[in-house]
């Protein structure tokens with residue numbers, strides 16, 4: 001879930017100081033992570049520090065958005081979708097480190113993409129995913 005929707009709720013309720021404080025805390029979190037871990041793990045950890053600080057901002061804005069105006073979300077579906085997507089990215093990253101022929105690598109990635117689409121079809125309504133695939137393929 002993106003933080004745009006909770007931020008809109010926070011802005012509508014005229015609590016913009018929450019947005020500003022969240023951004024400042026996110027920047028401080030990013031700076032602290034970079035100062036602590038980049039010298040130890042190298043510049044690649046800067047990416048993880050940015051992701052963690054943005055995740056902090058998403059949780060911060062979601063918390064305040066829910067506190068100001070409660071919205072029911074299908075958390076189970078979101079969690080499963082994020083977990084599947086994360087696992088897919090990890091598998092693709094690990095497979096990319098293996099030296100394979102280009103065609104074999106392409107076939108493996110297409111199969112992983114098909115598994116991801118199929119799991120989203122099971123997770124959500126099948127017609128929505130099929131309609132989206134049709135729109136993408138007909139462009």
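Numbering (our numbering), first residue to last: 1 to 139.
Each residue gets a CB set at the ideal place from its N, CA and C atoms; glycine is no exception.
Would you mind sorting residue 49 into buried or exposed? The rule is 16 or more other CB atoms within 10 Å of its CB.
Working through the chain shown from its first residue, we reach residue 49 at position 49. Buried is the call here.
Exposed or buried, residue 1, counting other C-beta atoms within 10 Å across all chains shown (16 or more means buried)?
Within the chain shown, numbered from 1, the residue matching residue 1 stands at position 1. Bear in mind that a pLDDT of 43 at residue 1, under 50, signals an unreliable position, so the model cannot answer this.
Which word fits residue 42, buried or exposed, when buried means at least 16 other C-beta atoms lie within 10 angstroms of its C-beta?
Here residue 42 is taken as the residue at index 42 of the chain shown, counted from 1. Counting Cβ neighbours within 10 Å, residue 42 comes out exposed, since fewer than 16 surround it.
Taking the alpha helix (DSSP H) that residue 89 falls in, what are its first and last residues?
Residue mapping note: residue 89 aligns to position 89 of the chain shown, counting from 1. It spans 75-96 - the alpha helix (DSSP H) in which residue 89 sits, taken as one unbroken run.
Check each candidate in 65, 94, 54 and 134 and name the one with the smallest Cα separation from residue 17.
For this step, residue 17 is matched to residue 17 along the chain shown. Closest option to residue 17, Cα to Cα, is 65.
Check each candidate in 138, 98 and 8 and name the one with the smallest Cα separation from residue 68.
As a working mapping, residue 68 is identified with position 68 in the chain shown. It is 8 whose Cα lies nearest to the Cα of residue 68.
CB-CB under 7 Å to residue 37, same chain, minus the five flanking residues each way: which ones, in chain order?
The residue you call residue 37 lines up with position 37 of the chain shown. These residues qualify, in order along the chain: 45 and 49.
Leaving aside the five residues before and after residue 72 along the sequence, list all residues of the same chain whose C-beta is less than 7 Å from its C-beta, in chain order.
Along the chain shown, read from residue 1 onward, the residue named residue 72 stands at position 72. Cβ neighbours of residue 72 beyond the five flanking positions: none.
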